[in-house]
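Here's the structure we're looking at; comments come further down.
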Amino acid sequence: MPSTDPELDSQALTEVPLSFHADPHMPLSTADKLRSALWFHIGQMVDEESIELGVNATPQFIGSLMELVWAQIENTAVDLESFAKHAGRSKIKTDDVMLLTRRNEGLAEVLTEELNRIEAERKKKAG
């Protein structure tokens, strides 16, 4: 979820590690902005955990973790698109997301609970 502080968000979108963008004066692509925001938020989470655990995390660790998460996001997107296409659809549905969880019972359980909560909320609003 994006920050409500516009200064933090603009900082996250403009401070791109050099490995992502060779010329700091060129406009950032959408992918660069997303990677930068991911870097920023992962850095925040790692900093919070590091303080709580009393350990240090290097920028290289944060960068590596960000790359790992980015690769997982890309793989997930490809899988979801493939599942929808295989079903003859152009839109990704909840069933496609649940298909991703077929080898991760814990994730399937969390997502099923959230889906049930959302459906109950919709029914409550509908009447």
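The opening position of the sequence shown corresponds to residue 52 in this note's numbering, with each subsequent residue numbered one higher. Every residue gets a Cβ at the ideal spot worked out from N, C-alpha and C, and that includes glycine.
Rounded straight-line distance, which links the Cα of residue j to that of residue i
i: residue 97; j: residue 138; result: 39 Å
i: residue 116; j: residue 107; result: 14 Å
i: residue 142; j: residue 128; result: 12 Å
i: residue 176; j: residue 162; result: 21 Å
i: residue 146; j: residue 92; result: 29 Å
i: residue 86; j: residue 173; result: 33 Å
i: residue 120; j: residue 78; result: 24 Å
i: residue 88; j: residue 111; result: 16 Å
i: residue 153; j: residue 159; result: 7 Å
i: residue 150; j: residue 131; result: 9 Å
i: residue 104; j: residue 155; result: 27 Å
i: residue 135; j: residue 167; result: 22 Å
i: residue 170; j: residue 178; result: 13 Å
i: residue 84; j: residue 109; result: 22 Å
i: residue 124; j: residue 133; result: 14 Å
i: residue 114; j: residue 94; result: 9 Å
i: residue 90; j: residue 118; result: 9 Å
i: residue 148; j: residue 102; result: 34 Å
Span of the alpha helix (DSSP H), counted from its first residue to its last, around residue i
i: residue 152; result: Run containing residue 152: none; DSSP gives neither H nor E here.
Alpha helix (DSSP H) runs contained entirely in the segment 72-143, provided each spans 4 or more residues: Here the runs fully enclosed are 81-104 and 110-137.
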